[in-house]
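These notes are about the structure you will find just below.
Protein chains: 2
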Amino acid sequence: MMIEPDTLTVQQVAAKTGLSEHTLRYYERIGLLKSIERATNGHRRYAPNDIRLIEFLIKLRATGMPLEQMKEYAALIRSGDGNEADRLRLLLEHRERVQANIQALQDNLAVIEFKIEGYKGITACLNDDSVPAE
Amino acid sequence: MMIEPDTLTVQQVAAKTGLSEHTLRYYERIGLLKSIERATNGHRRYAPNDIRLIEFLIKLRATGMPLEQMKEYAALIRSGDGNEADRLRLLLEHRERVQANIQALQDNLAVIEFKIEGYKGITACLNDDSVPAE
DNA sequence: GCTTGACTTAGAGTCAACTCAAAGTTGTAA
DNA sequence: TTACAACTTTGAGTTGACTCTAAGTCAAGC
Numbered sequence: 020m021m022i023e024p025d026t027l028t029v030q031q032v033a034a035k036t037g038l039s040e041h042t043l044r045y046y047e048r049i050g051l052l053k054s055i056e057r058a059t060n061g062h063r064r065y066a067p068n069d070i071r072l073i074e075f076l077i078k079l080r081a082t083g084m085p086l087e088q089m090k091e092y093a094a095l096i097r098s099g100d101g102n103e104a105d106r107l108r109l110l111l112e113h114r115e116r117v118q119a120n121i122q123a124l125q126d127n128l129a130v131i132e133f134k135i136e137g138y139k140g141i142t143a144c145l146n147d148d149s150v151p152a153e
Numbered sequence: 020m021m022i023e024p025d026t027l028t029v030q031q032v033a034a035k036t037g038l039s040e041h042t043l044r045y046y047e048r049i050g051l052l053k054s055i056e057r058a059t060n061g062h063r064r065y066a067p068n069d070i071r072l073i074e075f076l077i078k079l080r081a082t083g084m085p086l087e088q089m090k091e092y093a094a095l096i097r098s099g100d101g102n103e104a105d106r107l108r109l110l111l112e113h114r115e116r117v118q119a120n121i122q123a124l125q126d127n128l129a130v131i132e133f134k135i136e137g138y139k140g141i142t143a144c145l146n147d148d149s150v151p152a153e
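So the sequences go chain by chain: A and B. Counting with this note's numbering, you get residues 20 to 153 for the letters of the first sequence. Counting with this note's numbering, you get residues 20 to 153 for the letters of the second sequence.
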């Protein structure tokens, strides 16, 4: 079978992106990715553009964006030029949330680290390491 | 009805901690919190110690620790003194994961911000703001 | 021609963490 | 004394994001 140049199978995309084949098909099914091109036998052929979008979507996902919002963003991309301001707004709002999220993580981590220091004190006293013999 | 000093009802704890009453009862049911004291009518009375534990557990939760691990930690607390080294190890491992998680968020966010800059360029060109008339 | 392996689909199942519902009890207030 | 609000328990339902299953297609190699 003739294969279009630069296109990848679902298996190859899975290997490349770290998503599972299941997840790649699932993303298409829910309308996050729309209508990946098919080979004559019906198999998916991911174009370079698809890969690039997927890789960026993974960043959005990894920063906590829910699939529903990712669908909005992907829909804007699909509908072509002229909505860059909308995409920008969406990403700016997301950035705000991620920054707030990171801040919250850091604040909570500080409390945990404070407790860690406490336990370090206790365990240092329990071991004799804190008062080494000669 | 006589109320023990310093104890709070489930409603008060919910208000104070931000957890829902449902969640507080759920946490007890799954063994994360064990056997909160009861008033004579069977109502929960949270003691100051309970509150302090809950507030710390919320920090663990907010930094992504799954309930199963929180149960381990809470069990160590319940079983009293002498296992501080175990608690410390658990918290140190968690800290590692949270730090890695924050790092990943920051890395992914950097990619998103790069894309944001791109869109800023495009939208600046589309508006005439970038080339103000006279 | 037959087997194998990579794919296809639609639908069902899983998981964590809640969240809600139903039915019952209790103490106070009108 | 009757209504009400705040609780109780157990079990069921929900959500988001997968993850798996079953049944079928198709091209290549033996």
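Positions of the beta carbon are idealized from the N, C-alpha and C atoms, including for glycine.
With a cut-off of 8 Å on Cβ pairs, the stretch 108-121 of chain B is in contact with the stretch 80-89 of chain B, counting three or more such pairs. About 7 Å separates the CB atoms of residue 70 (chain A) and residue 27 (chain A); that is less than 8 Å, so the two are in contact.
Looking at B:123, B:76, B:103, B:77, the one whose alpha-carbon comes closest to that of residue 140 (chain A) is B:103.
Contact of residue 125 (chain A) with chain B by beta-carbon distance below 8 Å involves 121. Along the stretch 23-80 of chain B, the alpha helix (DSSP H) occurs as fully enclosed runs of 4 or more residues at 29-36, 40-48, listed in sequence order. With fewer than 16 other CB atoms across the displayed protein chains lying within 10 angstroms of its CB, residue 68 (chain B) is exposed. Against chain A, a Cβ distance below 9 Å from residue 114 (chain B) picks out 128, 131, 132, 135. Nearest to residue 66 (chain A) by alpha-carbon distance, out of A:41, A:109, A:45, A:25, is A:25. Secondary structure at residue 105 (chain A): helix, using DSSP grouped into helix, strand and coil.
One alpha carbon belongs to residue 123 (chain B), the other to residue 118 (chain A), and they sit about 13 Å apart. Counting other Cβ atoms within 10 Å of its Cβ, residue 60 (chain B) stays below 16 and is therefore classed as exposed.
Of all residues in the stretch 92-106 of chain B, the ones placed with a Cβ closer than 7 Å to any Cβ belonging to chain A are 103, 104, 106, in chain order. Using a Cβ-Cβ cut-off of 8 Å, residue 78 (chain A) counts as an interface residue toward chain B, since at least one Cβ of chain B sits closer than that to its own. Inter-residue distance for residue 46 (chain A) and residue 35 (chain A) is about 16 Å (C-alpha atoms, whole angstroms). Residue contact check for residue 117 (chain A) against chain B: a CB pair falls below 8 Å. For residue 89 (chain A), the enclosing alpha helix (DSSP H) begins and ends at 86-97.
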